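Residue numbers (our numbering): -6 to 219.
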């Protein structure tokens, strides 16, 4: 009975609990489903060319912003474009970071040692003894749930793990703030005033995004050249 009691204690349950085994089996079933979903997401993420995907999306936006839109719909049009560009940047930051970490034992270790939330995470015995490929999925699953436009967290994480120090990101902090108004208030701030968005501001955002991607891509290439 000691092994069973130890198992119960590990899951915080009582040996006299008649539902423990059923709950344990149901839990394993749910974990298997989640692992499969995470693996499929991981595979899709790994097969993407993140830099080229970003460039293609930004080029598409550059074309779209020149469309002849009726004046009464122009503000809403720009609101949607701005939100899309910031989401595209967020997706790029996430995709690159996840790809680099999941393909480097050194980066994975740096993440575990430097990220306070990840270091506190408890792993089951099943997770510990799984193959390396599944460990990548576990790490990717954690990372995909992070909000990659939370720059106060993402900026030091890039530096601590990938050794990439961003140049001035004030433009992105501002763009993220505006995006919040675009998504949650259709382009109006808390005072009911329209946020400042124009064809020119979108063009500036595209230029900054391209520069940011080139900056990160250079770091990634440097890492792989060693």
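Virtual Cβ for every residue (Gly too), placed ideally from N, Cα, C. Remember, it's a predicted structure, so these values are computed and weren't measured experimentally.
Own chain residues within Cβ distance below 8 Å of residue 148, not counting five before or after
159, 162
I believe residue 209 touches residue 71 by the beta-carbon criterion, under 8 Å. Please report the beta-carbon distance rounded to the nearest angstrom.
That pair is no contact at about 26 Å.
Taking its Cβ as the centre, do 16 or more other Cβ atoms sit within 10 Å of residue 89, making it buried, or is it exposed?
buried
If we call anything under 8 Å between Cβ atoms a contact, is residue 176 one with residue 144?
no
Rounded to the nearest angstrom, how far is the Cβ of residue 45 from that of residue 81, given a contact under 8 Å?
Not really, about 13 Å apart at Cβ, beyond 8 Å.
Comparing alpha-carbon positions, which option in 201, 171, 202, 193 lies nearest residue 187?
171
Residue 212 vs residue 157 beta-carbon contact at 8 Å:
yes
How about residue 78 and residue 165: are their beta carbons less than 8 Å apart?
no
Pull up the distance between the alpha-carbon of residue 185 and that of residue 60, whole angstroms please.
27 Å
Within 10 Å of its beta-carbon, does residue 207 have 16 or more other beta-carbons around it, so buried, or fewer, so exposed?
exposed
Since residue 153 and residue 103 should fall inside the 8 Å C-beta cutoff, what is the C-beta to C-beta distance between them, to a whole number of angstroms?
6 Å
Determine the burial state of residue 66: buried for a count of at least 16 other Cβ atoms within 10 Å of its Cβ, exposed for fewer.
exposed
Please indicate yes or no: does the CB of residue 190 lie closer than 7 Å to some heavy atom of the ligand MN?
Looking at this structure, you won't find the ligand MN or any other ligand, since it has none at all.
Which same chain residues end up closer than 7 Å to residue 62 when comparing Cβ atoms and leaving out the 5 residues on each side of it in sequence?
70
Please report the straight-line C-alpha distance between residue 108 and residue 173, rounded to a whole angstrom.
26 Å
Sorted by chain position, which residues of the same chain lie with C-beta nearer than 8 Å to residue 181's C-beta, five sequence neighbours on each side aside?
174, 187, 188
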